[in-house]
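Start counting the sequence shown at 1171; every next residue gets the next number (my numbering). A virtual CB, placed ideally from N, CA and C, is assigned to each residue, including glycine. Only one structure is covered here, and it is reproduced in the block below.
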Amino acid sequence: MLLPITLTFAAACALLNLWIATRCARIRIADKVMHGDAGNDLLARRMRAHANFVEYTPIVLILFALVEMAVGASLWLWIGALVYVVARVAHAFGMDADKPTVWRAGGALLTWGVMVAMAIAALMIAYMATREMPVPPAMAARG
């Protein structure tokens, strides 16, 4: 089954992950930092932005893939994927600041919003698409 939205979204996330990683690598190379952040506050913030991206993206990608498999490609899935990517770019830029910014907060809130919306969509598909609840095979064999 072809999943054009999830494939495009996963490719965008892979490139975004590389971009976030290179933002760390540039500082590491310039400051000759092999491990950790060596007390460099900007490197620490960028490392945290990268870690944050890696923490959220897998579950969001899984949700997109499963929802797209269940309902097919749709405009709202394309929009959700785009919002997620823009949110993660905003968050990465917002993490550069040493104080709270609208970019960091907005990126985080949009990330959470997309994740929650996809979780709700997944639950609705699973439990409202049919009135019949599937019986696990082990229970069906007993009857």
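Distance, residue j Cα to residue i Cα
i               : j                  : result
alanine 1214    : aspartate 1266     : 9 Å
alanine 1292    : tyrosine 1226      : 17 Å
leucine 1247    : glycine 1277       : 18 Å
alanine 1200    : phenylalanine 1179 : 32 Å
threonine 1271  : leucine 1212       : 15 Å
histidine 1205  : histidine 1220     : 15 Å
isoleucine 1232 : glutamate 1238     : 10 Å
lysine 1202     : arginine 1196      : 10 Å
isoleucine 1229 : asparagine 1210    : 30 Å
leucine 1173    : isoleucine 1249    : 15 Å
valine 1286     : arginine 1198      : 35 Å
Same chain, Cβ closer than 8 Å to residue i, five either side skipped, listed in chain order
i            : result
alanine 1182 : Ala1251, Val1255
alanine 1275 : Gly1264
alanine 1289 : Leu1233
Same chain only: Cβ atoms within 7 Å of residue i, ignoring 5 sequence neighbours per side
i             : result
valine 1253   : Leu1280, Val1284
arginine 1258 : Leu1186, Phe1223, Gly1277, Thr1281
8 Å Cβ cutoff met for residue i and residue j
i              : j               : result
threonine 1176 : alanine 1235    : yes
alanine 1262   : isoleucine 1190 : yes
cysteine 1194  : methionine 1171 : no
Three-state secondary structure (DSSP) of residue i
i              : result
aspartate 1201 : helix
aspartate 1211 : helix
leucine 1185   : helix
Length-filtered (3 minimum) beta strand (DSSP E) runs lying within the segment 1230-1284: none
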